[in-house]
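Quick note: the sequence shown uses my numbering, first residue 3, plus one each step. All C-beta atoms in this analysis are idealised placements derived from N, C-alpha and C, irrespective of residue type, glycine included.
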Amino acid sequence: IKLIRDFIDQEFIESASVKLVRSRVELVGKISTASQDYLNMQESLRVNFSCRSNRNTVFAEIDEDKFMQVINNLVSNALKFTPEGGKIDIYIRENKKEVLITVADTGIGIPKRFHATLFEKFTDARRSGLRGERSTGLGMSIIKSIVEWHEGKIWFVSEEGSGTTFFIQLPKTR
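So this is what it looks like as structure tokens:
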């Protein structure tokens, strides 16, 4: 199902007919609940999870469905490459100009050869997760497009053997 959804999403992105349905969304509760729900479905993986923020509530003008696809994809990838007993931490920080969301894991990291092209289509299609999960190689290009539709930026730092941290920067709600 994910494979089919990724191909449909990629076709949608390339058609240039993107229409965001933005609303003011409270991110701390939404991301925490959605991520925890996803992790509960993967309960057998025994990965520690936290979602924290520098404020009780953080709002952003987003297309909730599309933006949650970004979070779910990042959490899914973190689970795929984080061993049992590892950690996935989401931190949501708001300041006067922006909202910064980090998704960090203690997984195996991203090999340096993928760093420059990670957000391009099919870059990681040859990589298997720790439990044999396969990738379409489309997820990262899809989430980059979604973040950019929201006038945001996405980047990462990673070192093999030391995990990966993704950063999503969004303009603050007016």
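Cα-Cα separation between phenylalanine 61 and valine 27, rounded to whole angstroms: In this structure, the straight-line span from the alpha carbon of phenylalanine 61 to that of valine 27 is close to 5 Å.
Within its chain, find whatever has a CB closer than 6 Å to the CB of arginine 128; leave out the 5 residues flanking it on each side and keep chain order. At arginine 128, the pLDDT of 46 sits below 50, so the modelled position is not reliable; the number obtained from the coordinates is stated separately. When the five nearest sequence neighbours on each side are left out, no beta carbon in the same chain lies closer than 6 Å to the beta carbon of arginine 128.
Sub-9 Å separation of glycine 109 and glycine 87 beta-carbons: Remark: C-beta atoms of glycine 109 and glycine 87 do not approach each other more closely than 9 Å.
Note the first and the last residue of the continuous alpha helix (DSSP H) segment covering alanine 80. Where alanine 80 is concerned, the enclosing alpha helix (DSSP H) stretches over 66-83.
Would you kindly work out how many angstroms separate the C-alpha atoms of phenylalanine 83 and glutamate 161, rounded to a whole number? Cα-Cα distance, rounded: 13 Å.
Per DSSP, what kind of secondary structure is threonine 59 in: helix, strand or coil? Here threonine 59 sits in coil by DSSP.
Can you check DSSP and say which residues form a bridge with glutamine 38? Glutamine 38 pairs with nothing; no bridge assigned.
Just the C-alpha distance for leucine 172 and arginine 48, rounded to the nearest angstrom, thanks. For leucine 172 and arginine 48, the gap between their C-alpha atoms comes out near 31 Å.
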